[in-house]
Each structure stands twice: as C-alpha cells, then as structure tokens.
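Enquirer: Order-wise, the sequence lines are chains G and E.
The letter at position 425 of the first sequence is residue 476 when you use my numbering, and the numbering goes up by one with no holes.
The letter at position 146 of the second sequence is residue 1000 when you use my numbering, and the numbering goes up by one with no holes.
Where a beta carbon is used, it is the ideal one built from N, C-alpha and C, also for glycine.
Here the structure is a predicted model, which means the values were calculated and not measured.
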Amino acid sequence: MELDLVLLSRIQFALTIMFHYLFPPLTIGMGVVLVYLGGMYLKTRDPAYRQAQKFWTRIFGLNFAIGVASGIVMEFQFGTNWATYSRFVGDVFGSALAAEGIFAFFLESGFLAVLIFGWNRVGPKMHFFSTCMVSFGSIFSSVWIVIANSWQQTPAGSHIVPMTREVLNEHGQRTFDENGVLITKPWIIDGVPVMRAEVTDFWAMVLNPSTGYRLSHVLLGCFIMGSFFILSICSWYILKGKHVEFAKRSFGGALFLATISSILIAFNGHQQAQNVYHYQPAKLATFEGHFESEGPADLTLFGIPDAEAETIHMRIAIPGALSFMVHDDTSFTEPVIGLDKIRPEHRPPLWIPFISWRLMVGIGTFFIALTLYSYYLLWRGTLFKKRWVMWAYCVSVLLAVIANQVGWVAAEVGRQPWIVHPPIVTDTDNQPVFDEDGFLQYEKVSAALPDGSIYERYAGLSTTDGVSKAVAAEQVAASIVMFLLIYLLLGSVWIFILNKKIQHGPEPPEDGFAKNQSESIFQVGGEHDRLGLADAGLWDDPTESTDRGEQHD
Amino acid sequence: MSREGLAFIWFLLLAVLLTGYAILDGFDLGVGILHPFVAKTDKERRLVMNSIGPIWDGNEVWLVTFGGALFAAFPEAYATVFSGFYLPLMMLLLALILRAVSLEFRGKVKSPAWRQVWDLAFFLGSLLATFLFGVAVGNMMLGVPLDAHHEYIGTFWMLLNPYSLAVGLLGVFAFALHGSIFLYLKTEGELQQRMRRVMWRMFYVFAVLFVIMTVWTTLTVPRAVETLHAYPLLWVVPILNALAVLNIPRAISKGSEGHAFLSSSCVIAAFVVLFITAIFPFLVPASNDASYSLTILNAASSEKTLGIMLLIAIIGMPCVMAYSAVIYWTFHGKVKLEETSY
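1) State the beta-bridge partners of W469 of chain G as determined by DSSP.
2) Does S137 of chain G get closer than 8 Å to chain E when you measure Cβ to Cβ?
3) In chain order, what residues of the same chain lie with their CB nearer than 6 Å to the CB of G371 of chain G, ignoring the 5 residues before and after it?
4) Roughly how many angstroms lie between the CA atoms of Q1047 of chain E and V452 of chain G, to the nearest whole one?
5) Closest to V1069 of chain E by CA distance: which of E:Y1017, E:E1044, E:S1034 and E:W916 is it?
6) How about T131 of chain G: is its C-beta nearer than 8 Å to some C-beta of chain E?
7) Within the same chain, show all residues whose beta-carbon is closer than 7 Å to that of L941 of chain E, passing over the 5 residues directly before and after it, in chain order.
8) Going straight from the alpha carbon of I1133 of chain E to that of V1021 of chain E, what length do you get?
9) Closer than 8 Å, CB to CB, is H1003 of chain E near chain G or not?
10) Tell me which residues share the same chain as A207 of chain G and place their Cβ nearer than 7 Å to its Cβ, disregarding the 5 neighbours each side in the sequence.
11) Going by beta carbon distance, what residues of the same chain come within less than 6 Å of D562 of chain G, once the five residues before and after it are set aside?
12) Considering just the uninterrupted stretch of the alpha helix (DSSP H) at T873 of chain E, what are its terminal residues?
13) According to DSSP, which residues form a beta bridge with Y1006 of chain E?
14) So what's V1189 of chain E in DSSP terms, helix, strand or just coil?
15) By DSSP, does H294 of chain G sit in helix, in strand, or in coil?
16) What does E525 of chain G touch in chain E if you count any residue whose Cβ is under 8 Å from its own?
17) Going by beta-carbon coordinates alone, are S1155 of chain E and G145 of chain G separated by less than 8 Å?
18) May I have the straight-line CA-CA distance separating F115 of chain G from A954 of chain E, to the nearest angstrom?
19) Any beta carbon from chain G within less than 8 Å of K1040 of chain E's own beta carbon?
20) At the level of alpha carbons, what is the spacing between A147 of chain G and K897 of chain E?
21) Listed in chain order, which residues of the stretch 217 to 230 of chain G have Cβ atoms closer than 9 Å to some Cβ of chain E?
22) For the beta strand (DSSP E) that contains E249 of chain G, what are its first and last residues?
23) In the DSSP assignment, find the unbroken alpha helix (DSSP H) run with S1117 of chain E in it and report its ends.
24) Out of E:A931, E:F936 and E:E958, which has the shortest C-alpha to C-alpha gap to I117 of chain G?
25) Please state whether DSSP places T67 of chain G in a helix, a strand or coil.
26) Does any residue of chain E have a CB that is nearer than 8 Å to the CB of L66 of chain G?
27) Helix, strand or coil: which one does DSSP assign to D357 of chain G?
28) Assess contact between the stretch 135 to 143 of chain G and the stretch 245 to 254 of chain G, defined as three or more Cβ pairs (one per stretch) separated by less than 8 Å. Is contact present?
29) State the Cα-Cα distance for the pair W469 of chain G and L73 of chain G, rounded to the nearest angstrom.
30) Measure the CB-CB distance between I419 of chain G and I284 of chain G and report whether it falls below 8 Å.
31) Using a Cβ-Cβ cut-off of less than 7 Å, list which residues of the stretch 912 to 933 of chain E approach chain G; keep chain order.
32) Grouping DSSP H, G and I as helix and E and B as strand, with all else coil, what is V243 of chain G?
33) Can you tell me the Cα-Cα spacing of M1171 of chain E and I153 of chain G, whole angstroms?
34) Pick out whichever of E:P1135, E:T873, E:S1117 and E:P908 has its Cα sitting closest to the Cα of S1195 of chain E.
35) Anything in the stretch 1169 to 1185 of chain E with a Cβ closer than 9 Å to a Cβ of chain G? List those residues in chain order, please.
36) Leaving out five residues on either side along the sequence, give the residues of the same chain with a beta carbon under 6 Å from the beta carbon of A1153 of chain E.
Put into structure tokens, the structure is as follows:
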C-alpha cells in the first residue's frame, strides 16, 4: 500500500480521533455519576456524597482538559486535511457543528468552572445545577456530533446541486447586466461541474434514518465507559483494602448504571444492525463476512475472512441465524444481501470491520454476563469477597475503552469507500434495486453541461475525493509525527497523574461541622480560615495543590 | 430574507464571534505571555495562572464556535484558509494543546523541574498561538494566491512575509498589554505594584508598533482604506481606536485601571472591525488574480442553512451571554489560592 495523501490523511484522522475519543465517553459517563452524587448530597446532606463527588470531579476535570485540548484538533482538521469534503458538506455538516458550539460547548465549559472551582463560592443548589448543566452540555454535544456523522451514513433532508459562481471582473468586483441583475454562471472546472450538498429540510437532516439508533448506541457506550472506569478504580480499592467504604458506595451506583446500559445496548445494537442492513447493506455484509446472497444466511461467530477467495476460512457459524437477525424471520431462510451484490470498487475493506465488530459484540456480551453475575453475588452477599470478580472489574475499563473505539472503527471503516454514503436505490416496496450486472444500485445525481451533455455522479462523496488539494503528503506526514509525539506525551502524563490521584484516593469525609450547616456561608468562612494559615509557608501550603498530601503515599 | 442579506449578516456575526474571542481569550493569552516575566515565586506563578483558571476554557469556546460557524456559513472560506495555512495551523493546534494542558498539569506534581516544564509550555503555547493569529490576519489582509478551485497555491514560506510577521508582533504586544491590565485588576500587593511597571512598558512597545503598523498598512494594503472611503461613516472606527489607545495611559495614570481594561478591549474590537472592513467584500482576497477571490456571496452556504443558523444564533447567543455573565460574576474579585486552584 502506498503512503499517499489519502492514506496519510486517513491515518492522521484515525490517530487524532481515536485519541480524542478516549475522553468524551469518560466525561459523558462520569458526568451522569457526578449528577447522581450531587443530587444525593442535596437530598441527604451526607458529607460522604460530597467527598465522593469532589474526588470524581478532580478526575473528571483532568479528563475534560485533555478532551478539550485534543478536541479542537478535530474541528480544525476537517478544513486542514479534508478541504474538498468540507466544501461538499459544509452546508449540512457545518450547521450541526456550529449548533454544537453554540448550544453545548458554551454550556459545558462555562459551568465546568463552577463545578470544579466553585465548591466554596456558590451554594450546594447552584453547584448541583452546574453539575447538571455540565453533564447536559456534554450529552448535548454528542447529540450534534452524532447527528452530523449519521447524516454522512444515511443522508436525508438534503440534495446535491451544481453550484454557480458570480462573474467577477479583473478587479474582483461582481458584474451586473443592463437590468442590474447579478451575472452568474455555472461553476465548471475542466468540464466537471462543482457540486455540493445543501440542506432542504433541517429536521429531516437532524432526524435522518440512523440518528436515533446511533445516538442511543453512542450514549449507552459512554455510560458503560464511565461506569466501568469508576467500577475499575473502586474494585482496585476493595482489593487493596483502601477507602473501602467509599469504594463500595461508588461501586453500587456505577454497577447499576453499567448493568442497565450493557443490557440496553445489546437490544439497541440489534435494532441498529437492522437499520445498517437497510441503508448500508455493504457495511453489514462486511461486519458479518457475508459473501453469498442466498438464504438461509448463517451467522459467523469466528473465522478468517478472505476477500480474494470471497469466503471465510475455518468458519464457525449458527445456521440461518443471520436471516433471523436481519429480517426477524422465524423460518431462518430469508436471503441476506452479501458482498457478491456489491461492485468490487464499492466494497469496504474486510478485515478491520470484521474484527472490530466481533470485538465489540464479544465485549458487550461479557459485560452483560459479568454485571448480572455480580448482582447474583451481591444478593448472596459475597460480591466484594470474590477476588477474581474484583480483578475482572479492574481490567474491564480497558475492555470498555476497546469496545467504544472498535465500535466506531467498525462504523467508519464499514462505510468506506464513501465519506458521504450515497443512498441505495429502492423500489416502491422499499426493496433494494439491482442493476443489469446484478449489483446493488446507489443513487446518482446529474447536471446538464453547457454543451448539452449530462454529467452524472453518485449522490455521495468518496473518501479519496475528500482530501485537501492544497496540502502535500509530506506536510501530513509531519503533522502525524507531531501528533504522535504530543499524544504520547499527553497520554503518559495523563496516566501518571491519574495514577497519583487514584493512589491518593478521596479525602476523608468532613466532620459534622459541614454536615449540619446547610448555609454555605459557614463553609466559606472555614475555607478562609484555612487559607489564612496557609499563607504562612509556601511548600507547606495545604492549598498547594488539589492533591495535597499524596506525596506521602 | 435573501441569501445575500443572510450572508452579510453572517459575515457580521462571525466578526462578533471573532471580537468576543479576541477580547476574552486575548487577556488569557496575554497573561500566558507575561507569565514567566512577571511572576517571581511559585506562589505568584500560581496566582497568575489562577487569575484565568476558571474562565480560560469558556473563553476558548469562542474560537471553537467561530470555527464551527465559519464551516457552516462559509464552507469555501473555511476549506481554503484551513488547508492553505496547513503548517501554521498545525503549529497553532500544538500551541493551544500545550497551553490547555499546562494549566491542568502544572499543579499536580510538587517538583520544581516539573513545574518549570509546564510554565515554559504555558508561555510558549500562549506566545506562539497569539503570534500565529497575527500572521494569519496579516496574510488575509494582503491576500493569498488562489487557483480556480479557490485552493491555495502558494508555499508555507510565502506566509512568513515581513508584513504578516509584523502583524503577529503587534498581536503579541496588544494581548500582552491587555493581559497586563487584567492581571493588575486581579492581583494585589507587591505583585500588583510590579504589574503597574509592566503595564507601562507593554503600552510603550504597543504604541510604537501601533503607529508603525498603521502607516505600513495604509501603504501596503490600499484595500484597507478603500472601504473606509466608500463608507465614510466607518472612519469613526479608526478615530475611536486612536482615542481608545490614548485613553489607556490616561486611565492608568489616573488610577482607574478598569477603564484602561475597557479601552484595551475597545482597541482589540476596533482591530477586528478594521480587519473585516479591510477585506470586505471578500473573505479571502486572491493576490494573484482578483477574479479567483472568495467573496462573501460565493463562499456562503445556501439561503436555507444561513437562515437556520441565524435562528440557532438568535436562540443560543443570549443564553451564552447570560450564563457567561453569571460565571464571570461568580469568579469576580482578586485571585486567591484555594483548595481547588491549579
């Protein structure tokens, strides 16, 4: 494979988004837990909840900072590396991105200040409100970004139109005809009309056919990530016999969220697969390694796919199960469209989606088994004594990270070679239409050229056509090296600081003083007193760092 | 409303977002640029960082939203500028990442060496980001070579021309001045007394650069004055700008630093307005062949998208203003070190 501009740009995008996507799921998932803890504190005034919220907020703040720092890269690189794509989709995709900025980011980062720095500046109610706004903002930002992504998978509420240009004179001024009407002409370069997608119906774009399934899938994935992150730290404390009371308290809440989310995501995943089959059959066939379109279609559990020979070696499969999964067909015989119905140049790469998909489903199944078994143990009263279960939770955060990452990999590689997937042609019964060669047909759009001929293109955009033309491969290569180095640095420091925070653990709950004072003014007074003492010495300053005392561990 | 009218409104709204960003993150970046020079002890460095601690993140959202709005309202301009300025933008990203994480990381380990590293990252990130913003503005003023696809056809080195580098320098001192006044307002005692000297120094350097760049711009970018001649009412902007610059030393010597801060905010706002009048009616002027230029109309999205986005802005921006005000109020007053400080 040649390291050309397209491949390098794809590597750069994959690198930056996979690094970035470590953090939003953590903050979205943990945000829900922070809301729960803050709400419980408001209700019970039990200082243990406040201390737990403080501890998780510190880790939340760390994750958030790196999420923001790596997230700004994402917005910029649409323009830097994928300029042609940006020109094509800006009208549609851009509006979702701008809505994310105005509606979500301001909310999130504004109230984050109150959440992190406002403990002694605002009352508990305002603090709880800020916690809710941060959580709401982070969820809302995922809503807009998933809408934007889903539109690329199942474009709706938009059409592709040839563009016109104002005729500019040599001074760059617009020209008008004798009636004062602006002179425009079709924008054609080298015989090819320049076209782009434009919004026709905003709500149809927002609620495009895959948004609902994909959004709930992503959010459930985030809840799984956040809850397993907390479960993993808590189980480690339990194993080490440190902060056990705190750990058990947080464990209970997180286990509930993890169990519900793991079960729901399985149902949601099934529906989403049917949705994918309906709109992007090539993607589902790649996930399943399904070549032959005949029924009954078997469900491959394991195997080694071979794109050249169009078969799966050493295959273990459940007969007819794919027919049932895709069509809810209880006779287990309904045919399922396979890769043989997709033009070879329109087939996604096989290996990466095939493996990613299996990993995600496998990890999801394991999570259901683990959490349900944990509830059984909880009922027996032996959960926290089963060391192997605690160890399983310790490492499960890594599995959650992998599941979230490979889920996206499967979704994004599975739509290749399209960056904006063209809709498939369907007949009046909503059944896919095949061309004379027996291949699935994708929708096309056309434009009349001045010479009377008709220009035709697919109603989508291929990834190859999306890259920046003004950028050289060496520049992208240099930026990849830069991001690799900076992300290695950030990743190591993140793990280092995270480890310090975890080793240090939560502060012991405040004494009865705070518990009996609902008026925050007393807490401010207490804080000031502490500050007064603190000003005396520099390094002994108890306010020196948010993690005071951890050096002694 | 017509597509033309909506596109013009979005041109103005982007200017508003840019102004908001430049004023708010301007003092953040200025604080970062001054950080190693004004803070002597570790405690002072913490005070300087924490003066922007709770608000820098929200301030930077103005840039993110500006980027998103540019993408949506003028996709052609977004694509042309971002891919054309590829390497400088990658350096800008590096600078913004370093600045963001240095704030978060610095306080987490109690080792002088560790802190020095992140102090340096904070300073370099702030300096480089500011400088690159200025260089980008300089190049947009001059115009860049484009082809029929509106793709940038120049080289990286062409972006580093003397005029644009000088604009970058002006930007650095404008933000440093802005940041020094902000720090004066947020600090007390000895550190605050030191900031008084810093404010004066920054003002002198800025004033000299301001005069040089005003002359240089009128000589090199005739377009900058053309729009002012076409709409004489706009002359009020450079005049108010000059008055605002002059008001800074007046306010400082009178001891009303709050007014000085207001004046430096006005100076930055005037810079943004002068910048957009200089490029109007273009978004990206082509330096090689004017007919390849990106104008407000030919770079804009469809009427539908511009209208929807306007609705989003009308609903969203008042909310943003409201809770930004609440949050600034929450953290008003002199900076104090607390348990949760960086």
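Expert: Judging by the given coordinates:
1) In the DSSP output, where bridge partners are listed per residue, W469 of chain G has G:S513.
2) For S137 of chain G, at least one C-beta of chain E is nearer than 8 Å to its own C-beta.
3) Excluding residues within five positions, the ones whose Cβ falls inside 6 Å are P347 and F383.
4) When the Cα atoms are used, Q1047 of chain E and V452 of chain G turn out to be separated by approximately 51 Å.
5) Per the Cα distances, E:Y1017.
6) Yes, T131 of chain G lies at the interface with chain E (some Cβ there is under 8 Å from its Cβ).
7) The residues are F1010.
8) Roughly 15 Å between the two C-alpha positions.
9) Yes, H1003 of chain E counts as interfacial toward chain G.
10) Spatial neighbours of A207 of chain G in its own chain (CB-CB distance under 7 Å, excluding positions within 5 residues in sequence) are listed in chain order as A255, M256, N259 and P260.
11) For D562 of chain G, the predicted structure reports a pLDDT of 48, less than 50, and the residue's modelled location is therefore unreliable. A value from the coordinates is still provided. A distance below 6 Å between beta-carbons, with the five flanking residues on each side excluded, links D562 of chain G to no residue of its chain.
12) In the DSSP annotation of this structure, the continuous segment of the alpha helix (DSSP H) that includes T873 of chain E starts and ends at R857 to V892.
13) DSSP lists E:L1000 as partners of Y1006 of chain E.
14) If DSSP states are grouped into helix, strand and coil, V1189 of chain E belongs with coil.
15) In the three-state reduction of the DSSP assignment, H294 of chain G falls in the coil class, being assigned neither a helical nor a strand state.
16) Under a criterion of Cβ atoms nearer than 8 Å, no residue of chain E is adjacent to E525 of chain G; the nearest Cβ is some 10 Å distant.
17) A contact, by the Cβ cut-off of 8 Å.
18) Using only the alpha carbons, I get a separation of about 11 Å.
19) Answer no: the Cβ-Cβ gap between K1040 of chain E and chain G never drops below 8 Å.
20) The straight-line gap from Cα to Cα measures roughly 43 Å.
21) So the close ones are E217, V218, L219, N220, E221, H222, G223, Q224 and R225.
22) Its beta strand (DSSP E) spans residues M246 to V250.
23) Judged by DSSP secondary structure, S1117 of chain E falls within the alpha helix (DSSP H) whose first and last residues are E1111 to I1133.
24) Nearest C-alpha to I117 of chain G among E:A931, E:F936 and E:E958: E:E958.
25) Here T67 of chain G sits in helix by DSSP.
26) Using beta-carbon distances, L66 of chain G does not count as an interface residue toward chain E, since no partner is under 8 Å.
27) Reduced to three states, the DSSP call for D357 of chain G is strand.
28) In the pairwise beta carbon analysis, the stretch 135 to 143 of chain G is classified as touching the stretch 245 to 254 of chain G: at least three pairs are separated by under 8 Å.
29) The alpha-carbon separation between W469 of chain G and L73 of chain G amounts to approximately 25 Å.
30) Cβ distance not < 8 Å, so I419 of chain G and I284 of chain G don't count as in contact.
31) Within the stretch 912 to 933 of chain E, the residues whose Cβ lies closer than 7 Å to some Cβ of chain G are G912, V915, V918, T919, G921, G922, A923, F925, A926, P929, E930, Y932 and A933, listed in chain order.
32) Strand at V243 of chain G.
33) Roughly 7 Å between the two C-alpha positions.
34) Looking from the CA of S1195 of chain E, the closest CA among E:P1135, E:T873, E:S1117 and E:P908 belongs to E:P908.
35) Across the stretch 1169 to 1185 of chain E, CB contacts with chain G closer than 9 Å involve I1169, G1170, M1171, C1173, V1174, Y1177, S1178, V1180, I1181, T1184 and F1185, in sequence order along the chain.
36) Residues F928, E930, A931 and L1137 of the same chain have their beta carbon placed closer than 6 Å to that of A1153 of chain E, with the five preceding and five following residues left out of the count.
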